[in-house]
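Worksheet: one structure, shown below.
Protein chains: 2
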Amino acid sequence: METRTNIESCSCSVIHEEVISKVRDTMPDEETLYDLAELFKVFGDTTRIKILCALFESEMCVCDIAALLDMNQSAISHQLRVLKQTRLVKHRKDGKVVYYSLDDEHIKQIFDQGLVHIKEK
Amino acid sequence: METRTNIESCSCSVIHEEVISKVRDTMPDEETLYDLAELFKVFGDTTRIKILCALFESEMCVCDIAALLDMNQSAISHQLRVLKQTRLVKHRKDGKVVYYSLDDEHIKQIFDQGLVHIKEK
DNA sequence: CTGTTAATTCATCATATGCTTATATGTTCA
DNA sequence: TGAACATATAAGCATATGATGAATTAACAG
Chain R
963 METRTNIESC
973 SCSVIHEEVI
983 SKVRDTMPDE
993 ETLYDLAELF
1003 KVFGDTTRIK
1013 ILCALFESEM
1023 CVCDIAALLD
1033 MNQSAISHQL
1043 RVLKQTRLVK
1053 HRKDGKVVYY
1063 SLDDEHIKQI
1073 FDQGLVHIKE
1083 K
Chain H
963 METRTNIESC
973 SCSVIHEEVI
983 SKVRDTMPDE
993 ETLYDLAELF
1003 KVFGDTTRIK
1013 ILCALFESEM
1023 CVCDIAALLD
1033 MNQSAISHQL
1043 RVLKQTRLVK
1053 HRKDGKVVYY
1063 SLDDEHIKQI
1073 FDQGLVHIKE
1083 K
């Protein structure tokens, strides 16, 4: 017979107390979970993914990206701001031109892991 | 002097034609980009992340997860549906109880890569 | 069959998101 | 200075999303 859980609101439960403790111990704190969700949210939009794909190859100015993706400059600027806030891209200014580039080596790895998942299914 | 790009709408561009070609060649097709965005969108919510964290430890029934996360069962069921559609979780039915578990070995890797990113900054 | 429990589905609401247009800021150069 | 250009920002709109409560389906026990 299974040991009953301490989750009172659930009478069908068969999970053990040790599993409950383990989950509670390994679950990141609220702030980390929030940041993690924010990070993945950023990857959850095709426009931003396209921008990252472009920046995988080279740094680019805003209008280069806009032209390459065939989107207007405002929309790109808007999304670059999101990417900047999540520290996925960085920028340098040269006169009136702002060049954006990747700010993290893990980006491509996260991206590639995602690709592996969808390609397998 | 830099070779000028073929992106006409942009007069400040300094990126080379070969970069443009490379981006266009390596950029996944629209459908893949869409699926990829959908996948990451799923990770972009703390409730779903918590569910995945719970399932990292053990398979669980819906009410176990609900009790563990202190949320109502309808909300959990709703999110499990999303996770099921993206094939991140699978389920088996035993009588009236439905047990959910992870359906992909990459999930934890994607999750951990995300953690590395936010921990470093 | 009836009542109970587990899970799902539906309708609704509040909030968040992404894009557009218009405007503002900032830089260069004639 | 002021015109042209690059970028950023603001306001507004349509759509998407997540949670809730109520209703529904399904399995089982008496």
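So the protein lines, in turn, are chains R and H. Using my numbering, the first residue of the first sequence is number 963, and each one after it goes up by one. Using my numbering, the first residue of the second sequence is number 963, and each one after it goes up by one. Even glycine gets a Cβ: it sits at the ideal position worked out from N, Cα and C. Since the structure is predicted, the reported quantities are computational estimates derived from the model, not experimental observations.
Any Cβ of chain H within less than 8 Å of the Cβ of R/I1011?
yes
Using a beta-carbon distance below 8 Å, is R/V985 in contact with chain H?
Output row for R/V985: interface = yes.
Quick one: which chain H residues come within Cβ less than 8 Å of R/A1016?
V985, M989
Could you run through the stretch 1066-1077 of chain R and flag, in chain order, every residue whose CB is less than 7 Å away from some CB of chain H?
D1066, H1068, Q1071, I1072, Q1075, G1076, L1077
Pull out every residue of the stretch 1017-1033 of chain R whose Cβ sits closer than 8 Å to any Cβ of chain H, in chain order.
F1018, E1019, S1020, M1022, C1023, C1025, D1026, A1028, A1029, L1030
From R/M1022, R/S975, R/K984, R/A999, pick the residue whose C-alpha is nearest to that of R/V1059; which is it?
R/M1022
By how many angstroms is the C-alpha of H/E980 removed from the C-alpha of H/G1076?
31 Å
Apart from the five residues just before and just after H/R1010, which ones in its own chain have a Cβ nearer than 7 Å to its Cβ?
V1004, Q1041, V1044, L1045
Can you pull the chain H neighbours of R/I1038, defined as C-beta to C-beta under 8 Å?
By Cβ distance, chain H contributes nothing, its closest Cβ being about 11 Å from R/I1038, past 8 Å.
Just checking, does the stretch 1013-1032 of chain H make contact with the stretch 1063-1076 of chain H on the three C-beta pairs under 8 Å criterion?
In short, these stretches touch, since the Cβ pair count reaches three.
Against chain R, with Cβ distances strictly below 8 Å, would H/K1003 count as a contact?
Using beta-carbon distances, H/K1003 counts as an interface residue toward chain R, with a partner under 8 Å.
Given that a residue counts as buried once 16 or more other Cβ atoms are within 10 Å of its Cβ, and exposed if not, what is R/S1063?
exposed
Just the Cα atoms here: how many angstroms apart are H/D1007 and H/L1030?
One alpha carbon belongs to H/D1007, the other to H/L1030, and they sit about 17 Å apart.
So, with DSSP's three-state summary, where would you put H/C974?
DSSP places H/C974 in the coil class of the three-state scheme, outside both helix and strand.
Going straight from the alpha carbon of R/D987 to that of H/P990, what length do you get?
38 Å
What's the C-alpha gap between R/I1080 and H/E993?
Looking at the two C-alpha atoms, the distance is approximately 11 Å.
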